[in-house]
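Q:
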Amino acid sequence: DANGVRLACREFGSGEPLLMLNGFGATMDSFWNESFLGILATRYHVYIYDHRGMGYSTDNDAPPAMALYSDDAAALMSALGYDSMNVYGASMGSSIGQQLVIDHPERVRKLILESATYDVRIPETRLLFDIIQATALNASEPSGVRREAEANLLWNGTFDDLSGINKSVMLVVGTRDILTPQAVAVKIAGQIDGSWLVRFKDEPHVGSRFAPVEYGKNALDFLCMNESPPYATV
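For what it's worth, the working numbering labels the leading residue of the sequence shown as 30, then goes sequentially.
#1: Go ahead and label LYS230 buried or exposed: buried means 16 or more other beta carbons lie within 10 angstroms of its beta carbon, across all protein chains shown.
#2: Give me whichever residues DSSP pairs with GLY203 in a beta bridge.
#3: Between which two residues does the beta strand (DSSP E) containing MET8 stretch?
#4: By Cβ distance below 7 Å, which residues in the same chain neighbour ALA261 in space, the five residues on each side in sequence not counted?
#5: Just mark GLU177 as buried or exposed, buried being the case when its beta carbon has 16 or more other beta carbons within 10 Å.
#6: What residue does the alpha helix (DSSP H) around LEU183 start on, and which one ends it?
#7: Use the C-beta contact count for SER192: other C-beta atoms within 10 angstroms, 16 or more gives buried, fewer gives exposed.
#8: What's the call for GLU143, buried or exposed, on a 16-neighbour Cβ count within 10 Å?
#9: Assign ALA168 to buried or exposed, taking buried as 16 or more other Cβ atoms, counted over all protein chains shown, within 10 Å of its Cβ.
#10: Taking buried to mean at least 16 other C-beta atoms within 10 Å of its own C-beta, is ARG136 buried or exposed?
#11: Using the beta-carbon count (16 or more within 10 Å), is ILE207 buried or exposed?
#12: Here's a check: name, in chain order, each residue in its chain whose Cβ is nearer than 8 Å to the Cβ of CYS38, leaving out the five neighbours to either side.
#13: Have a look at SER99, GLU179, VAL242, GLN127 and flag the residue whose alpha-carbon is nearest the alpha-carbon of PRO93.
#14: Give the straight-line distance between the Cα atoms of ALA91 and PRO46, rounded to the nearest whole angstrom.
#15: Does the beta-carbon of PRO258 have 16 or more other beta-carbons within 10 angstroms, so that it is buried, or is it exposed?
#16: Quick one: grab the DSSP three-state call for ALA119.
#17: Among all the DSSP beta bridges, which residues are the ones paired with GLU40?
#18: According to DSSP, is LYS246 helix, strand or coil?
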């Protein structure tokens with residue numbers, strides 16, 4: 030029970046907690062690559078979950094908003110017994126992750142943003158915007174998916190708040206990502222002081238589903254590293 034709804038989740042591995050944030054229109058069963066999760070679970074206690082109204086999770090009549098999804102994530106941490114977690118968000122999950130670290134900075138240890146944008150309405154993400162808008166207008170789509178689409182369309186973005194983030198953040202993007210192109214990740218990284226930017230050659234949107242070993246090892250490098258000498262080893 031979290032933030033007025035019941036959120037379904039699964040957990041793998043042991044160690045420091047790592048909360049995974051799904052992308053748009055997806056469930057925890059359909060979104061993540063199992064090999065990718067398995068690599069993360071070799072060092073971390075990994076939690077995946079269904080956003081409100083999706084998969085096995087319930088919903089209520091709260092107006093859809095990106096801040097609502099970030100509030101859900103913060104409440105889920107408390108329900109699982111944590112004050113804070115490492116966070117990995119991909120696609121829409123990266124938007125939720127940005128909102129989470131802005132609204133609830135005390136909840137986030139380290140943050141990874143894969144295939145991210147700071148706003149779906151910018152010119153670089155026109156294709157993504159068209160897909161989300163069409164979904165919102167399609168009455169045959171499931172209610173939870175349409176509500177996610179509405180939240181994206183109502184979102185004011187994070188660009189003006191990015192420079193205030195003082196957590197360890199890594200941006201990850203594929204050079205063939207046509208939904209959230211690498212130029213957007215470059216802009217976000219430029220706003221967050223000290224952030225990492227990793228670009229995977231020829232990988233598409235949410236490349237962790239297609240190159241799970243490379244993306245998984247990269248995530249562990251970042252999460253396990255103590256950024257002040259002496260560095261931790263993976």
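We treat Cβ as the ideally placed atom computed from N, Cα and C, and that holds for glycine.
A: Checking against the coordinates, here is how it stands:
#1: exposed
#2: PHE229
#3: The question about residue 8 has no answer here: the residues shown for the chain are numbered 30 through 263.
#4: At ALA261, the pLDDT of 47 sits below 50, so the modelled position is not reliable; the number obtained from the coordinates is stated separately. Hits under 7 Å: CYS253, MET254, ASN255.
#5: buried
#6: 172-183
#7: exposed
#8: buried
#9: exposed
#10: Buried.
#11: exposed
#12: Contacts found: MET57, TYR76, ILE77, TYR78, ASP79, LEU105, LEU109.
#13: GLU179
#14: 28 Å
#15: Because PRO258 carries a pLDDT of 45, less than 50, the predicted location of this residue cannot be relied on, and no value is offered for it.
#16: strand
#17: Per DSSP, TYR76.
#18: helix
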